[in-house]
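Structure first, then comments.
Numbering (my numbering), first residue to last: 426 to 824.
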């Protein structure tokens, strides 16, 4: 987001940011207006994701090149007048593929990963362009569709014809695109875009608060927002509390962890949504957290055992039980690597035994390195074995 004169210049990232969190938009607006400094944040995980995203895009471009298509790349990362002019010139020349095309119109701008030539008439000639986005996520999110809608809208302005399709290339798909009709999402896109524009047009944007949302995990403002929530003793700091419960409590004037810890019991009111018992549980959780704060020591209370809940739902122990632990790194190679296959069991003489097999090779070598012969034979010999652990891998049934 930039403010040039009295107007904002907006990007697809700004539009998706508004969809994810209105407080994010308010903070970015403050930066654009010069009333707040841009956050300085560096996250090695996000840097890895950016690098892998670039590699994924380049692999797709190589795929198109190997298919015999002529590729034109628009250099740079900004959406300058020169970059937009270069993109439009490539479109007029009928380039088959344009990489990092710079698009701009009416205060909106963006860089599309790929523009692909299609045989649909436009002011360019008997052809036009559709936008393709390369994403690491296996499932396409609403933000990706909004981003492509904006690119399609900008293409409509630049080529005089709305693209019919938008495309997403995800990993492990042999570069087969997921296709979405622009017209199917146009109304939703216009609704979000108009609401966003209206919020920026208001002289007083109003007060927003950094309520936690899923986008916080990758947001550049997360440290500032987390500090404010802690300074405010926000209810979200209570372990296990839900958004619905926070809403019910705020209606009753309970807005902080301390307020919740001091809430009288039994409840003198009934929530409109959710159960009183659930609110009592989070109240007790808040009490324990506040007591731990005051004492400076960790605190816990043992809950009474209830049949059918918690650990009582596990089957009766068997001497043949195996407890599994698998560890992996999703950023090794293209598909990730599960490098540790660990299991705990009762040995021949009644002792607790652990075996941890390390594997640094891809299958099938990895299966052999991970004890792929000894464990299945142990399973076969124990008819009453019950698997426990975070998950049961297919290796257990593949032997």
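Don't be surprised by glycine CBs; every beta carbon is placed ideally from N, CA and C.
Since the structure is predicted, the reported quantities are computational estimates derived from the model, not experimental observations.
Who are the Cβ neighbours of residue i in its own chain at under 6 Å, not counting the five residues just before and after it?
i	result
residue 437	535, 572, 575
residue 439	426
residue 429	none
residue 602	592, 594
residue 625	433
residue 724	713, 716, 717
residue 742	none
Please tell me whether residue i and residue j are closer than 8 Å, where the distance is taken between their beta carbons.
i	j	result
residue 689	residue 695	no
residue 495	residue 520	yes
residue 559	residue 648	no
residue 561	residue 489	no
residue 502	residue 522	no
residue 707	residue 670	yes
residue 499	residue 492	no
I need the straight-line Cα distance from residue i to residue j, nearest angstrom please.
i	j	result
residue 664	residue 444	26 Å
residue 818	residue 599	Model confidence at residue 818 stands at a pLDDT of 42, short of 50, so the residue's coordinates are unreliable; what they give is reported in the following sentence. Computed Cα separation, rounded: 25 Å.
residue 737	residue 729	11 Å
residue 580	residue 555	8 Å
residue 762	residue 755	6 Å
residue 772	residue 746	11 Å
residue 739	residue 557	48 Å
residue 651	residue 512	41 Å
residue 686	residue 659	12 Å
residue 753	residue 784	10 Å
residue 597	residue 543	25 Å
residue 734	residue 644	37 Å
residue 778	residue 727	29 Å
residue 642	residue 655	16 Å
residue 447	residue 504	25 Å
residue 506	residue 551	26 Å
residue 621	residue 455	15 Å
residue 480	residue 615	32 Å
residue 720	residue 661	21 Å
residue 666	residue 675	13 Å
residue 540	residue 524	6 Å
residue 769	residue 758	29 Å
The beta strand (DSSP E) with residue i in it runs from where to where?
i	result
residue 844	Residue 844 lies beyond the stretch modelled for the chain, which goes from 426 to 824, so this question has no answer here.
residue 559	553-559
residue 777	777-783
residue 591	590-594
residue 527	522-530
residue 537	533-543
residue 753	747-754
residue 695	Neither: residue 695 is in no beta strand (DSSP E) and is coded neither H nor E.
residue 435	432-436
residue 502	That residue, residue 502, is in no beta strand (DSSP E); it is neither H nor E in DSSP.
residue 771	762-771
residue 428	427-429
Once you ignore the five residues that flank residue i on each side, which residues in its own chain have a CB closer than 8 Å to its CB?
i	result
residue 432	532
residue 692	701, 704, 705
residue 453	426, 439, 442
residue 577	555, 556, 587, 588, 591, 607
residue 457	426, 427, 428, 433
residue 449	442, 443, 640, 644, 646
residue 478	559, 560, 561
residue 731	737
How is the alpha helix (DSSP H) around residue i delimited, first residue to last?
i	result
residue 583	567-584
residue 516	506-518
residue 485	469-491
residue 686	682-686
residue 465	Here residue 465 belongs to no alpha helix (DSSP H), and DSSP marks it neither H nor E.
residue 456	447-457
residue 548	Counting along the chain, residue 548 falls outside any alpha helix (DSSP H), and DSSP gives it neither H nor E.
residue 720	701-720
residue 727	No alpha helix (DSSP H) holds residue 727; DSSP gives it neither H nor E.
residue 673	668-676
residue 650	647-656
For the putative contact between residue i and residue j, defined by C-beta atoms under 8 Å, what is the C-beta separation to the nearest angstrom?
i	j	result
residue 682	residue 714	6 Å
residue 469	residue 646	Wrong, their Cβ atoms sit about 18 Å apart, outside the cutoff.
residue 673	residue 636	Going by Cβ atoms, the distance from residue 673 to residue 636 rounds to 15 Å, so no, they are not a contact pair.
residue 612	residue 530	Going by Cβ atoms, the distance from residue 612 to residue 530 rounds to 20 Å, so no, they are not a contact pair.
residue 565	residue 553	With a Cβ gap of about 23 Å, residue 565 and residue 553 do not count as contacting.
Only counting the same chain, and skipping five residues up and downstream in sequence, which positions put a Cβ closer than 7 Å to that of residue i?
i	result
residue 585	547, 548
residue 441	568, 571, 572
residue 765	751, 752, 781, 783
residue 790	Caution applies to residue 790, whose pLDDT of 46 falls short of 50 and renders its modelled position unreliable; the value that the coordinates give is listed next. There are no such residues.
residue 484	none
residue 610	570, 574
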